[in-house]
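Participant: Residue numbers (the numbering used here), protein chains in the order written: chain A, 156 to 516; chain B, 4 to 176. This is the structure, below, for whatever I ask next.
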Amino acid sequence: MINVSAQTEERLTYPIDTLFIPHHITEICSYYSAVEKTQVNTYFFIDSVGHAVLHYCVNSLYPTTSFVLNNTFSNYFVVDRTKVIVRYVNDNHLYSIDSSSIVTNMLEMELGMEKEQPFILMTKPFAYYIPVTQDSGLLYARRILTSLSDYKINKDHRLRKFSKPMITEFSLNNERLTAYRGIGHYPSAHLSEDSTYSHYWFWTAMNKDLDIVAAYFFLDSLYVVHRNNMQDRYPLKSKYQYHVNETIDPNESNNYNYLAEKACESTSYMYLRYDAYRDLYYVVVSKAMTYENEDGTHNDAADKPWSLIVLDSEFNQKAEIDMPNHLSKHELMIVPEGLAVKDPTLSDKNNFCFIIYNIEL
Amino acid sequence: MRKRHTLLVLLVLWALPLLSSDNYTEPDPATQKRSAFFVSYMKETFPNFQLTDGEYLFILSSGCFRCTFAVYNYLMAHPETVCGKYKAILISQSTVDKLSENILTIDTNVLCDTTNKLDRMSFGIFGVSVLKIQNQMIVASKSITVEEAQKDPASFFAPITLSSKTSQELPTQ
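So, in structure tokens, the structure goes:
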């Protein structure tokens, strides 16, 4: 790893622009689209009549196309600028919706051998499922880990689940979505006897070679699943991580105070992003902080100070940049000019302000 | 005879503190600290409220919010579950905003913290919780579990007995 001095870091990243999105946006994703062959940002907001509107933004923070969805959707999968697949609450069918927001197809779903393994179609940005299609019409979805609390206390159940592949590949045509194969395997830490963590799920990004990159909250490694289903591991280590993250006490896995304290006092890795313009990867480091304050208040893990690890195209860690704490680590998008980070101090309920940071190595 | 009576009274007076000290367990430092936080928070946030011994119900934004929402729906349908049972029901404005203003009408003793500091207080509880207070000290606490919230919310609102296994019993006087 190259150690970068504070002075050098200032040259690596500095604000160059400010942009406003005139909505209260949620579920932000920023990813390389193999269909668009460039960077795409997507996010939701609720319009004045209560519909959920999905903005699909190519090379921008502003929409190329938009999809208006009935608000009762349970999950969705953006295929490209012309199509989104939606599943509604209490409805097991999948609907293909075009950019005029008209339902064009009802799709059959064939899970085949994957029946035993529930999956979710895209996309909560927190978990950041892989929202990408390939030219050949393949889709990827992270396998959902049902009953997480059960994983924490039921070792056999956990070991059985984590012995299966971590991602499901689907083929898609106009009539059906078919589970095709499982790819990638979970880190060995998940399979060890005493590996009880607060979170097992992972952040994902897909690069231009269509490798799937995964980062885990409490593991200091990046995992790369290649097209041939081979898997590599690369070191990922924050300068603020002073010790190996502890596992949690399984008996306390339903004690939210305990979990909140652990989350606050651990260094964690979040929001893996691939920047297709610069062929770089970014990982947010959420630095450890004290949970309980002298005055009887406690801190929230969501407010932990943060830095940004930058890795090059070969997964070499090139820099760790301290980010201003008033900026939100939870709302990051990538645009041609750099990294867009939400500034809550300049935002209000209906107007989100993003500072664009230049990033160069 | 009179001397004997006097001696007996003196003996009893001397023995009483000893007997009571046999039952006395110093609260652990964490409980002492949280109790002090609670007393000070109540004084600062609700200066007109008189803190007395009994149970206090909390509806907090922390923990499993789906569970809190399930309990809210249950309570709106069965307000008698909590009516008159608690010294106060504490909730923050931001939790009211997430649930509904209707929660403020569940009983006459709902205290709403408009500063939202309640959600940041370190009382050792989360979600829907109860603190039992004696002599300005937390003597027991419990927070609703996912199972209770989904299957049997009513049972959670049974008074805390200090021998109850479900509550976290805290060593105190």
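Using N, Cα and C, we set each Cβ at its ideal position, and we do this for glycine too.
Should Asn-518 of chain A go down as buried or exposed, given a rule of 16 or more other Cβ atoms within 10 Å for buried?
Facilitator: Here chain A covers residues 156 to 516 and nothing more, so residue 518 of chain A does not appear.
Participant: If you scan the segment 460 to 484 of chain A from start to end, which runs of the beta strand (DSSP E) of 3 or more residues do you find wholly inside it?
Facilitator: Runs of the beta strand (DSSP E) inside the segment 460 to 484 of chain A: 461 to 466 and 472 to 477.
Participant: Would you tell me roughly how many angstroms separate the C-alpha atoms of Met-124 of chain B and Val-223 of chain A, rounded to the nearest one?
Facilitator: Rounded to whole angstroms, Met-124 of chain B to Val-223 of chain A spans 40 Å at the Cα level.
Participant: I need the DSSP call for Glu-330 of chain A, collapsed to helix, strand or coil.
Facilitator: Residue state, collapsed to three classes: coil.
Participant: Are there 16 or more other CB atoms within 10 angstroms of the CB of Leu-346 of chain A, so buried, or fewer, so exposed?
Facilitator: With fewer than 16 other Cβ atoms within 10 Å, it is exposed.
Participant: Should Ala-80 of chain B go down as buried or exposed, given a rule of 16 or more other Cβ atoms within 10 Å for buried?
Facilitator: It is exposed - the Cβ of Ala-80 of chain B has fewer than 16 other Cβ atoms within 10 Å.
Participant: Just to confirm the assignment, what range does the alpha helix (DSSP H) spanning Asn-76 of chain B have?
Facilitator: Note, Asn-76 of chain B: alpha helix (DSSP H), 68 to 80.
Participant: Between B:Val-85, B:Ala-33, B:Ile-92 and B:Leu-121, which lies nearest to Leu-60 of chain B when the distance is taken from Cα to Cα?
Facilitator: When only C-alpha atoms are compared, the closest one is B:Ile-92.
Participant: Using a beta-carbon distance below 8 Å, is Thr-34 of chain B in contact with chain A?
Facilitator: So no, Thr-34 of chain B is outside the interface.
Participant: Name the two residues that bound the continuous alpha helix (DSSP H) containing Gln-194 of chain A.
Facilitator: Unbroken run through Gln-194 of chain A is the beta strand (DSSP E), 193 to 201; no alpha helix (DSSP H).
Participant: Is Tyr-44 of chain B buried or exposed, if buried means 16 or more other CB atoms sit within 10 Å of its CB?
Facilitator: By the 10 Å Cβ count, Tyr-44 of chain B comes out buried.
Participant: Is it true that the segment 28 to 40 of chain B meets the segment 97 to 117 of chain B, where meeting means three or more beta-carbon pairs spaced less than 8 Å apart?
Facilitator: With a cut-off of 8 Å, the segment 97 to 117 of chain B and the segment 28 to 40 of chain B do not count as touching, because too few Cβ pairs lie within range.
Participant: For the alpha helix (DSSP H) holding Phe-49 of chain B, just list the boundary residues, first then last.
Facilitator: Where Phe-49 of chain B is concerned, there is no enclosing alpha helix (DSSP H), given that its DSSP letter is neither H nor E.
Participant: Which partner residues does Leu-487 of chain A have in the DSSP bridge list?
Facilitator: Answer is A:Val-496.
Participant: Kindly identify the DSSP beta-bridge partner or partners of Met-425 of chain A.
Facilitator: For Met-425 of chain A, which the question treats as bridged, DSSP gives the partners A:Val-439.
Participant: Are the C-beta atoms of Glu-324 of chain A and some chain B residue less than 8 Å apart?
Facilitator: No, Glu-324 of chain A lies away from the interface with chain B (no Cβ there is under 8 Å from its Cβ).
Participant: By how many angstroms is the C-alpha of Asn-245 of chain A removed from the C-alpha of Ile-275 of chain A?
Facilitator: Reliability of the predicted coordinates at Ile-275 of chain A is poor, the pLDDT of 45 falling under 50, and no value is obtained from them.
Participant: Could you tell me whether the Cβ atoms of Ile-511 of chain A and Glu-492 of chain A are closer together than 8 Å?
Facilitator: Going by C-beta atoms, Ile-511 of chain A is nearer than 8 Å to Glu-492 of chain A.
Participant: Pull the bridge partners of Tyr-512 of chain A from the DSSP assignment, please.
Facilitator: In the DSSP output, where bridge partners are listed per residue, Tyr-512 of chain A has A:Pro-170 and A:Leu-494.
Participant: Going by beta carbon distance, what residues of the same chain come within less than 6 Å of Val-217 of chain B, once the five residues before and after it are set aside?
Facilitator: Look at the range of chain B in this structure, 4 to 176, and you will see that residue 217 of chain B is not part of it.
Participant: Should Thr-169 of chain B be flagged as near chain A, meaning a C-beta pair shorter than 8 Å?
Facilitator: Annotation note: pLDDT 43 at Thr-169 of chain B (below 50); position unreliable, coordinate value reported separately. For Thr-169 of chain B, the answer is no, since every Cβ of chain A falls outside 8 Å of its Cβ.
Participant: Using only CA atoms, which one of A:Glu-407, A:Ala-334, A:Tyr-426 and A:Glu-324 lies nearest to Trp-356 of chain A?
Facilitator: Considering only alpha carbons, the answer is A:Tyr-426.
Participant: Taking the CB atoms as reference points, tell me whether Tyr-77 of chain B and Glu-58 of chain B lie closer together than 8 Å.
Facilitator: Result no, Cβ atoms of Tyr-77 of chain B and Glu-58 of chain B do not sit closer than 8 Å.
Participant: Can you tell me whether Thr-237 of chain A is helix, strand or coil according to DSSP?
Facilitator: If DSSP states are grouped into helix, strand and coil, Thr-237 of chain A belongs with coil.
Participant: Arg-123 of chain B touches chain A at which residues, Cβ-Cβ below 7 Å?
Facilitator: Residues of chain A passing the Cβ test: Thr-452 and His-453.
Participant: Does the distance from the CB of Lys-238 of chain A to the CB of Ser-256 of chain A come in under 8 Å?
Facilitator: In this structure, Ser-256 of chain A does not lie closer than 8 Å to Lys-238 of chain A by Cβ.
Participant: Out of curiosity, what's the CA-to-CA distance linking Gly-87 of chain B and Val-133 of chain B?
Facilitator: Approximately 14 Å, taken between the alpha carbons.
Participant: Taking only beta-carbon atoms, is Phe-129 of chain B less than 8 Å away from chain A?
Facilitator: It does; some Cβ of chain A falls within 8 Å.
Participant: So what does Ala-360 of chain A bridge to, in DSSP terms?
Facilitator: Answer by DSSP bridge pairing, in chain order: A:Val-368.
Participant: Relative to the C-alpha of Ser-64 of chain B, which residue among B:Gln-35, B:Ile-163, B:Leu-102 and B:Ile-109 is closest?
Facilitator: The residue with the shortest Cα to Cα distance from Ser-64 of chain B is B:Leu-102.
Participant: Grouping DSSP H, G and I as helix and E and B as strand, with all else coil, what is Thr-148 of chain B?
Facilitator: Three-state result, Thr-148 of chain B: coil.
Participant: Alpha carbon to alpha carbon, how far is Ala-161 of chain B from Lys-417 of chain A?
Facilitator: Approximately 31 Å, taken between the alpha carbons.
Participant: How many whole angstroms separate the CB atoms of Tyr-243 of chain A and Asn-225 of chain A, which I take to be in contact at a CB cut-off of 8 Å?
Facilitator: Contact flag correct, Cβ pair sits at about 7 Å.
Participant: Can you give me, in chain order, the residues of the segment 48 to 68 of chain B that have a beta carbon less than 9 Å from any beta carbon in chain A?
Facilitator: Residues Ser-65, Gly-66 and Cys-67.
Participant: Which residue wins for smallest C-alpha separation from Asn-412 of chain A, given the options A:Leu-365, A:Tyr-446, A:Ser-502 and A:Pro-499?
Facilitator: Measuring from the Cα of Asn-412 of chain A, the nearest candidate turns out to be A:Tyr-446.
Participant: What first and last residue would you give for the beta strand (DSSP E) that runs through Asp-387 of chain A?
Facilitator: That run of the beta strand (DSSP E) goes 386 to 390.
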